[in-house]
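What follows is one structure encoded as structure tokens, with my remarks underneath.
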Amino acid sequence: MSRRTSRPRRPSAASARTASAAEITAASPCPCGLPAEYGACCGRLHAGAAAPTCEALMRSRYAAFAVRDAAYLLRTWHPGTRPAVLDLDPGVRWERLEILGTTEGSAFHTTGTVTFRAHFKDNGRADSLHEKSRFVRHEGAWVYESAVFAD
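Anchor point for the sequence shown: position 83 equals 81 in my numbering, and the numbering is continuous, going up by one each time.
Right, here's the structure in full:
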């Protein structure tokens, strides 16, 4: 996912997580939609574990938007396409992720794609983002490279 704004300010590490992130604990259901607790699912990737597949990275990046972990999003973005600053919109609340399809992206591949629909509320108004994200291996780890918006 590449939701970014053009606001010039850089959020501090302390302000990168807001009240909505405080609602999600290690024992909470993982925002990515898999039947696991956040701490055992995407939370461990946010803490530094490597994503085994590009789908796992996609799910963890979605969860990072949900918990407002901008540092993780930047860390898992290919350096050739990564923005200098990622300013997450505090009015957006991520609700649900649907994985619609994947190509390649396993331990045996160097590229892969994930097509998904991410449902969110923007200042209370329901909306969704339909995207096909491209992932590549960079220095041995999966990273987000680019996307094509489907809608």
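Glycine residues also receive a C-beta, built at the ideal position from the N, C-alpha and C atoms.
Would Ala124 be called buried (16 or more neighbouring beta carbons within 10 Å of its own) or exposed?
exposed
Report the partner residues of Tyr142 according to the DSSP bridge assignment.
Trp75 and Phe133
Decide yes or no for the touch test of the stretch 101 to 114 against the stretch 79 to 91: beta carbon pairs closer than 8 Å, at least 3 of them.
Pairwise C-beta distances place the stretch 101 to 114 out of contact with the stretch 79 to 91, as fewer than three of them are shorter than 8 Å.
When DSSP labels each residue in this structure, what does Ile22 get in the three-state scheme?
Three-state DSSP puts Ile22 in coil, outside helix and strand.
Leaving out five residues before and five after Leu98 in sequence, what residues of the same chain have Cβ atoms less than 7 Å from its Cβ?
Thr113, Phe114 and Arg115
Leaving aside the five residues before and after Glu143 along the sequence, list all residues of the same chain whose C-beta is less than 7 Å from its C-beta, in chain order.
His76, Thr79, Arg132, Phe133 and Val134
Whose CA, out of Gly37, Glu96 and Cys28, lies closest to the CA of Lys130?
Ranking the options by Cα distance to Lys130, first place goes to Glu96.
What is the residue span of the beta strand (DSSP E) that Arg91 lies within?
Val90 to Glu102
Below 8 Å on the Cβ atoms is my contact criterion, and I expect Phe63 with Leu86 to pass it. Report the Cβ-Cβ distance as a whole number of Å.
7 Å
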